[in-house]
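Below you'll find the structure, written out as structure tokens, and then a few comments.
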Amino acid sequence: MITQSSGGTNPAAGLAMNQISKSFANVTALNAVTLLLNPGEIHGLIGENGAGKSTLIKILAGVYRADSGNATLDGAPLPLGNPAAIEALGIRVIHQELNLIPQLTIAENIFLGREFVNRFGKIDWKTMYAEADKLLAKLNLRFNSQKLVGDLSIGDQQMVEIAKVLSFESKVIIMDEPTDALTDTETESLFRVIRELKSQGRGIVYISHRMKEIFEICD
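In this text, residue positions in the sequence shown follow our numbering: the first is 1, and each later residue adds one.
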């Protein structure tokens, strides 16, 4: 798989994955792949099943270690193989597999581990629900954040995953087939948010097998 940016990326600004290779047993998943992403760019990543898209993203997210190659963000080396450190530097992935707890509310899922607390050290539910509701409104969702995730459709749960990522001040957002479970209306709402993120200088890697979406949203 070969990827190429849509116009002279400066590796000192944005994301650069350089000569990334990865094999599993005797199967080569990635062979010297380079991906360059400018700030404020929506970069499409496409390929048939088994082409190595998910492997490349899992290396970027720190889930897998590359056999060779390196990556930088704004010119600084990325600690590949360390998911927490990668996230702390501002790289977030919206995976196809949902990572939500059905028994918790939408707000609790969005801010899990980052709950708002008052001066007494207790959870500030009012603020947390209000902030979560703002994120849902940005995605044009009509339910409130006190609803249990387990009561939502799969498409709505996918939108909650997206809202969760939006709650971070991410520099780079990777979206892996984000519209698979979404309606046309939900997809339009997502595209509006993606364009807003682009205008804010966020870099977005957009993975999809839907060519119409690739041509509509990607640079």
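Note that CB positions come from ideal geometry on N, CA and C, so glycine has one too.
- Query: Can Ser54 and Ser21 be called in contact, C-beta distance under 8 Å?
  - Reply: No, these two residues do not count as a Cβ contact at 8 Å.
- Item | Rounded separation between Arg214 and Ser208 - CA only | The residue you asked about is not Arg; residue 214 is Ile in the sequence shown. In a straight line, the C-alpha of Ile214 is about 7 Å away from that of Ser208.
- Assess, as a yes-or-no matter, whether the stretch 121 to 136 is touched by the stretch 150 to 158 under the definition of 3 or more beta carbon pairs within less than 8 Å. No, they do not touch.
- Message: Taking only three categories from DSSP, how would you classify Asp176?
- Response: Looking at Asp176 - three-state DSSP - the assignment turns out to be strand.
- Distance CB(Gln157)-CB(Leu78) smaller than 8 Å: no
- Apply the 10 Å Cβ neighbour rule to Thr179 and answer buried if 16 or more other Cβ atoms are within range, or exposed otherwise. buried
- Message: Suppose contacts are defined by Cβ-Cβ distances below 8 Å. Is Leu88 in contact with Gln146 by that definition?
- Response: With the sequence shown as reference, residue 88 is identified as Ala, and Leu is not the correct amino acid for it. No, the pair does not count as a contact, with Cβ atoms beyond the cut-off.
- Query: Alpha carbon to alpha carbon, how far is Pro102 from Asn109?
  - Reply: 9 Å
- Task: Hey, could you find the ends of the alpha helix (DSSP H) Ala137 is sitting in?
- Result: Trp125 to Lys138
- Take the Cβ of Asn10 as the centre, count every other Cβ of all protein chains shown within 10 Å, and call the residue buried at 16 or more, exposed below. Low local confidence applies: a pLDDT of 48 at Asn10 is under 50, so the model's placement there is unreliable, with the coordinate-based value given in what follows. It is exposed - the Cβ of Asn10 has fewer than 16 other Cβ atoms within 10 Å.
- Query: Just the Cα atoms here: how many angstroms apart are Asp44 and Ile123?
  - Reply: A small correction: the amino acid at residue 44 is Gly; Asp does not occupy that position in the sequence shown. Rounded to the nearest angstrom, the two C-alpha atoms are 40 Å apart.
- Message: Comparing C-alpha positions only, which one of Ile59, Glu161 and Met211 sits nearest to Asn82?
- Response: Ile59
- Provide the residue span of the beta strand (DSSP E) that contains Ile20, from first to last. Leu15 to Phe24
- Query: Do Val193 and Lys138 have their CB atoms nearer than 8 Å?
  - Reply: Taking 8 Å as the Cβ cut-off, Val193 and Lys138 qualify as a contacting pair.
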